[in-house]
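> As they're listed, the protein sequences go chains A, B and C.
Just remember that the working numbering sits 30 ahead of the position in the first sequence, which is counted from 1.
Just remember that the working numbering sits 1 ahead of the position in the second sequence, which is counted from 1.
Just remember that the working numbering sits 9 ahead of the position in the third sequence, which is counted from 1.
Glycine included, each C-beta is placed from N, C-alpha and C at the ideal position.
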Amino acid sequence: MSHAGIPLHYFLIVSTIMFFVGVYGFLTRKNLITMLMSIELILNSVNINFVAFNRYLYPDGLHGQFFSIFIIAVAACEAAVAIAIIINIYRRFRTISVEDVSEMKF
Amino acid sequence: MELTGNQLMFIIFSGVIVLFSILTVTTRRILRAATYLLFVLISTAGIYFMLNFQFLAAIQLTLYAGGIVVLIIFSILLTSHISQKFEPVGWKKMILSALASIAGMIVCITTILNYKFSANAAIAQEINMDVIGKSLLSYEHNGYVLPFEVISVLLLAAMISAIVIAKKGKTQQEK
Amino acid sequence: MIDFSYAIWIPLVPFLVFAVLGLFGHYLKPRISGLLGTAGLLAAFILSLFVAYKYFFVVGKIDASGVVTDTYQKIIAFNQVWMHFTDKLHVDMGVLLDPISVMMLVVITTVSLMVHIYSIGYMHGEKGFERFFACLSLFSFSMLGLVIATNIFQMYIFWELVGVSSYSLISFYYWKDSAVSAGKKAFIVTRFADLGFLIGILLLSYTTGTFDFVTLTDINGPAIIQGSGIMFMGLSTMTWSLIFVFMGGAGKSAMFPLHIWLPDAMEGPTPVSALIHAATMVVAGVYLVARLFPIYAFSATAGLNVVAYVGGISSLLAAIIACTQFDIKRVLAYSTMSQIGYMMLALGVSGYGEEQGLGYMASMFHLFTHAMFKALLFLGAGAVIHAVHSNDMREMGGLRKFLPITHITFLIACLTIAGIPPFSAFWSKDEILTAAFHHDKILFAIEFFVAGLTAFYMFRLYFNVFWGKHIHYHHEPHESPFVMTGPLIFLAIASIFTGFIPFHSLVTSDGKEMASHLNLLIAGPSVLIGLIGIVTAYFLYKKETAIPDKVASSFKIFYRWAYNKFYFDELYLFVAKKIIFKRISTPVAWFDRHVVDGTMNSVSWVTNYISGSIKGFQSGQVQQYGFAFIMGAILLAVVFIYLWIH
Chain A
31 MSHAGIPLHY FLIVSTIMFF VGVYGFLTRK NLITMLMSIE LILNSVNINF
81 VAFNRYLYPD GLHGQFFSIF IIAVAACEAA VAIAIIINIY RRFRTISVED
131 VSEMKF
Chain B
2 MELTGNQLMF IIFSGVIVLF SILTVTTRRI LRAATYLLFV LISTAGIYFM
52 LNFQFLAAIQ LTLYAGGIVV LIIFSILLTS HISQKFEPVG WKKMILSALA
102 SIAGMIVCIT TILNYKFSAN AAIAQEINMD VIGKSLLSYE HNGYVLPFEV
152 ISVLLLAAMI SAIVIAKKGK TQQEK
Chain C
10 MIDFSYAIWI PLVPFLVFAV LGLFGHYLKP RISGLLGTAG LLAAFILSLF
60 VAYKYFFVVG KIDASGVVTD TYQKIIAFNQ VWMHFTDKLH VDMGVLLDPI
110 SVMMLVVITT VSLMVHIYSI GYMHGEKGFE RFFACLSLFS FSMLGLVIAT
160 NIFQMYIFWE LVGVSSYSLI SFYYWKDSAV SAGKKAFIVT RFADLGFLIG
210 ILLLSYTTGT FDFVTLTDIN GPAIIQGSGI MFMGLSTMTW SLIFVFMGGA
260 GKSAMFPLHI WLPDAMEGPT PVSALIHAAT MVVAGVYLVA RLFPIYAFSA
310 TAGLNVVAYV GGISSLLAAI IACTQFDIKR VLAYSTMSQI GYMMLALGVS
360 GYGEEQGLGY MASMFHLFTH AMFKALLFLG AGAVIHAVHS NDMREMGGLR
410 KFLPITHITF LIACLTIAGI PPFSAFWSKD EILTAAFHHD KILFAIEFFV
460 AGLTAFYMFR LYFNVFWGKH IHYHHEPHES PFVMTGPLIF LAIASIFTGF
510 IPFHSLVTSD GKEMASHLNL LIAGPSVLIG LIGIVTAYFL YKKETAIPDK
560 VASSFKIFYR WAYNKFYFDE LYLFVAKKII FKRISTPVAW FDRHVVDGTM
610 NSVSWVTNYI SGSIKGFQSG QVQQYGFAFI MGAILLAVVF IYLWIH
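(1) Residues in the same chain with beta-carbon distance under 7 Å from I588 of chain C, minus the five sequence neighbours each way, listed in chain order, please.
(2) Can you tell which of C:S563, C:G257, C:C423 has the C-alpha that lies nearest to the C-alpha of I166 of chain C?
(3) Kindly indicate which three-state DSSP category N61 of chain A falls into: helix, strand or coil?
(4) When you compare the CB of L97 of chain B with every CB in chain A, is at least one pair closer than 9 Å?
(5) To the nearest angstrom, how far is the alpha carbon of I210 of chain C from that of S57 of chain C?
(6) Report the rounded CA-to-CA distance for Q163 of chain C versus I421 of chain C, giving the unit in angstroms.
(7) Is V146 of chain B buried or exposed, if buried means 16 or more other CB atoms sit within 10 Å of its CB?
(8) Between A188 of chain C and chain B, is there a C-beta pair that is closer than 9 Å?
(9) Only counting runs of 3 or more residues, tell me where the beta strand (DSSP E) segments fall wholly within the segment 390 to 431 of chain C, in order along the chain.
(10) Find the nearest neighbour of Y54 of chain A within the set B:M160, B:L97, B:L9, judged by alpha-carbon distance.
(11) So, under 8 Å CB-CB, M523 of chain C and M352 of chain C are touching, yes? Tell me the CB distance rounded to an integer number of Å.
(12) Between which two residues does the beta strand (DSSP E) holding W91 of chain C run?
(13) Report the three-state DSSP secondary structure of H99 of chain C (helix, strand or coil).
(14) Tell me whether P37 of chain A sits in a helix, a strand or coil according to DSSP, three-state version.
(15) Is F181 of chain C near the ligand MN, with its Cβ less than 8 Å from a heavy atom?
(16) Give me, in chain order, the residues of the same chain whose beta-carbon lies closer than 6 Å to that of T443 of chain C; leave out the 5 immediate sequence neighbours on both sides.
(17) What does the alpha-carbon distance come out to for the pair L21 of chain C and K552 of chain C?
(18) Does the Cβ-Cβ distance between G321 of chain C and E456 of chain C come in under 9 Å?
(19) With a cut-off of 8 Å, do at least 3 Cβ pairs link the segment 129 to 136 of chain C to the segment 21 to 34 of chain C?
(20) Examine chain C for any beta-carbon lying closer than 9 Å to the beta-carbon of T46 of chain A, and answer yes or no.
(21) Do the segment 464 to 473 of chain C and the segment 531 to 547 of chain C meet, that is, are 3 or more Cβ pairs less than 8 Å apart?
(22) Once the 5 residues before and after L297 of chain C are set aside, which same chain residues still bring their CB inside 6 Å of it?
(23) Which chain B residues sit within Cβ distance under 7 Å of I99 of chain A?
(24) Strictly under 9 Å for the Cβ-Cβ distance: is T125 of chain A near chain C by that measure?
(25) What is the rounded straight-line gap between the Cα of G9 of chain C and the Cα of T608 of chain C?
(26) How about I36 of chain A and Q8 of chain B: are their beta carbons less than 9 Å apart?
(27) For the alpha helix (DSSP H) that E108 of chain A lies in, which residues bound it at each end?
(28) For V26 of chain B and chain A, any beta-carbon pair shorter than 9 Å?
(29) Between the C-alpha atoms of L153 of chain C and H513 of chain C, what's the straight-line distance to the nearest angstrom?
(30) Under three-state DSSP, which class holds S245 of chain C?
(31) Less than 9 Å between CB atoms is the rule here; does E70 of chain A satisfy it with respect to chain B?
(32) Does DSSP classify N160 of chain C as helix, strand or coil?
(33) Report the neighbours of V90 of chain B on chain A: residues whose CB is nearer than 9 Å to its CB, in chain order.
(34) Who are the near neighbours of Q61 of chain B in its chain, counting only those whose CB is closer than 7 Å to its CB and skipping five residues on each side?
(35) Using three-state DSSP, classify V76 of chain C as helix, strand or coil.
(36) In chain D, what lies closer than 8 Å to I639 of chain C by C-beta?
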């Protein structure tokens, strides 16, 4: 249950920490771009999980790797669209602070 | 206690990941946050190398570390002043968010530690570009042509929509 | 048998005209819409005459197997199931031709055509000219549909349509408060009566199991053979149902005690009064009773007595009130009510078949002649009003020089209604009196007296308007254009000569020809009392004298009662306001406002309050949503992983 002398748990713990740091960033950051960065952290931690599971539990398969690839592709799309939205918001409101963009509340 | 080279590398990578991800979400200068994010992504690529996923690691470096971070930096330059510092986060918000994150972390880590992962003794597959390329375009068992196509359509859609959204609207010009 | 299915076009043509005028009237010039309405009615009129000729003189007596009988057959020219509920319960739309419906077709289309032509002149330049013609066409359609109904439900539907169109015509001058309230009054009173009609229909169809007129009135059919059914308060269900049906008829025909709407309905334009409130709609009640007459005669003689007495009382009451009124249209309205009382009474005293059916025949005869001379009277009054711009006969006098044609035709109409031979009403009234004499001496006495009163009040009107004092008019009154006098002349000729139509061989209770002869013992005195009435009026009103006022003051109380229409309006208002509104409606309104509305309001208030207090959750702050989402996810993870283990 170890690969190169490192147990699976360690990878998972690192990715968990990264995940919740991303969550913390998502909850505290006001700037939309930094929030986007937090989301990238979260996606990355999930990738680590996939890869680690693939290596440790299903060494004969490639699912984890492919899912990571797809997640990276989705992340790229997401970043592109999100930044387009952010630029549009900036143009309209002259700010990218998430708290100032609340036109659609009740 | 003696450390193997692998273990040492893992400690370094994980340490960099943890440290710089925390810095990413706490620093008050936005460009630094982007830089710290870059370090995190590169360390993640290192972990992929450690686990013998060279192709994935290469993608991580080119696409994530190269593409997305550059995109983010561009948008930062478009929307913010470099010298600008964020005002500190309110303590109430900080404590609540930290509590939520730490609680989640505790729940997840205890679950991970308590769960007995069943080991698999199967022989590791040789992963080279040939296999990856064939699997991506194969529609047989372990073939990924459908997700591949879906993702390619998604990429196209994202590209078009990003252009449409970011383009200046007519009403904007009239103003 | 000849195919009569083209008879369906008699009501349909006015309906199409109504649709065109109602929908596109705004885009048409007034003259064109008037001509279009008139043309539609002209088509219906010609078709009706053709149908009548074919029916009465060619094929009416040929029965279904092609044998020539001595009886006029009931012909179903067209029938279509309209609403199918069960095999037994279905509502049909169709065309039934029998002597009375064919006669009514002729009456309605004749009067309606005359009124249409007349209206082109009378309504010239009025606001809403095309609306007026649209409503007239709708009314003609409804009325024609009513008379050709094959079943009682179709009749009810058209009955209500007639009510609606009459409402819209009475309230034609909708900017006048009095017109609006008159329309409402007519609608509510007749609606109230129609409730009785509906109950009657339900009871009747429940007892007999059919809506169909042919089945209902077949003297060998189940409805009459089976007879009465269960007894209630000494009368059979059948009798009760027919009394209820008669209630509907009494409402439409303005019979006592549901007559109060008719005088007020004179607020409408005068041609409307001529068409609706003289010749057609108000006789719908008479027609209804005549339509169901065999059942009345065989199964519900008590019902017939009610009809007879209601008719008698109405005619007496109306005649007395008519003597005291000054508004010429109101005098005519009360005279209408009185004449319809005659018809009702004649039906009430009639029996079925052979010589017994004299009253039935007389009633239909009088309906026919009355339609002609009463339409003439109203149109003549309209011409007078048109010339003088007033309804009040005290402001008129000496008009015979200014309005020669109107004067002559009006005189003919007055002589007709007074029952002077050889004018038409003499023949019909004489037969009614004969029928009443053979049946009930009290009713005969009433009608005999009313005949005199009728002559008196009509000539009071005539002398007041056309003779009497000379009045200086602001504008010189001038004779109406030919579109108005033409119908007057036509109707005057009709009033003179319709009396010679051999009704006793055409329209009888059983469809067979009956013998009829002039009863000199009755005709003589009735002409005499008519003449007495005329002479009295001549002395009182030919020249302006003080005698009428003296007479009025010597009967002071009685005169005041009659002048105020015996206080019926006040009585109804008292009952409605003091008893129904105050004792019943007020608590019901309170309950509605506080309990029913209160429940609803509290439901909405609670919803409003809750949503108001929780709307803060939707702050628009993404991070708050994210916080809630993550806490919820963690909570669910804890619950499902650690607390859910069994």
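Taking the structure as given:
(1) Answer for I588 of chain C: no residue qualifies.
(2) Residue nearest to I166 of chain C within the set C:S563, C:G257, C:C423 is C:G257 (criterion: CA-CA distance).
(3) Reduced to three states, the DSSP call for N61 of chain A is strand.
(4) So, interface residue.
(5) The straight-line gap from Cα to Cα measures roughly 29 Å.
(6) C-alpha separation (whole angstroms): 38 Å.
(7) Exposed, by the Cβ-count rule.
(8) Cβ-Cβ to chain B under 9 Å: no for A188 of chain C.
(9) Uninterrupted beta strand (DSSP E) stretches at least 3 residues long and entirely within the segment 390 to 431 of chain C do not occur.
(10) Ranking B:M160, B:L97, B:L9 by Cα distance to Y54 of chain A puts B:L97 first.
(11) The Cβ separation is near 18 Å, so there is no contact.
(12) For W91 of chain C, the uninterrupted beta strand (DSSP E) segment begins and ends at 84 to 93.
(13) Strand.
(14) DSSP places P37 of chain A in the strand class (E or B) of the three-state scheme.
(15) This structure lacks the ligand MN, and indeed carries no ligand of any kind.
(16) Taken in chain order, the residues that qualify are N528, I531.
(17) Cα-Cα distance, rounded: 51 Å.
(18) In this structure, G321 of chain C lies near E456 of chain C, with their beta-carbon atoms less than 9 Å apart.
(19) Three or more Cβ pairs closer than 8 Å define a contact, and the segment 129 to 136 of chain C falls short of that threshold against the segment 21 to 34 of chain C.
(20) Chain C, which has no Cβ nearer than 9 Å to the Cβ of T46 of chain A, makes this no.
(21) Short answer: they touch.
(22) Only G258 meet the Cβ criterion.
(23) Within chain B, L57, I60 have C-beta atoms less than 7 Å from the C-beta of I99 of chain A, given in sequence order.
(24) Using a Cβ-Cβ cut-off of 9 Å, T125 of chain A does not count as an interface residue toward chain C, since no Cβ of chain C sits closer than that to its own.
(25) Residue numbering for chain C in the displayed model covers 10 to 655; residue 9 of chain C lies beyond these limits and cannot be assessed.
(26) Cβ distance < 9 Å, so I36 of chain A and Q8 of chain B count as in contact.
(27) Looking at the DSSP string, the run of the alpha helix (DSSP H) that includes E108 of chain A is 93 to 123.
(28) At least one C-beta of chain A is nearer than 9 Å to the C-beta of V26 of chain B.
(29) Looking at the backbone, the Cα of L153 of chain C and that of H513 of chain C are separated by about 24 Å.
(30) If DSSP states are grouped into helix, strand and coil, S245 of chain C belongs with the strands.
(31) For E70 of chain A, the nearest CB of chain B lies under 9 Å from its own CB, placing it at the interface with that chain.
(32) N160 of chain C falls in the strand class under three-state DSSP.
(33) In chain order, T58, R59, K60 make up the part of chain A whose C-beta sits under 9 Å from the C-beta of V90 of chain B.
(34) A distance below 7 Å between beta-carbons, with the five flanking residues on each side excluded, links Q61 of chain B to the following residues of its chain, in chain order: L42, T45, A46, Y49.
(35) Collapsing the DSSP output to three states places V76 of chain C in coil.
(36) In the displayed structure, chain D is absent; the protein chains listed are A, B and C.
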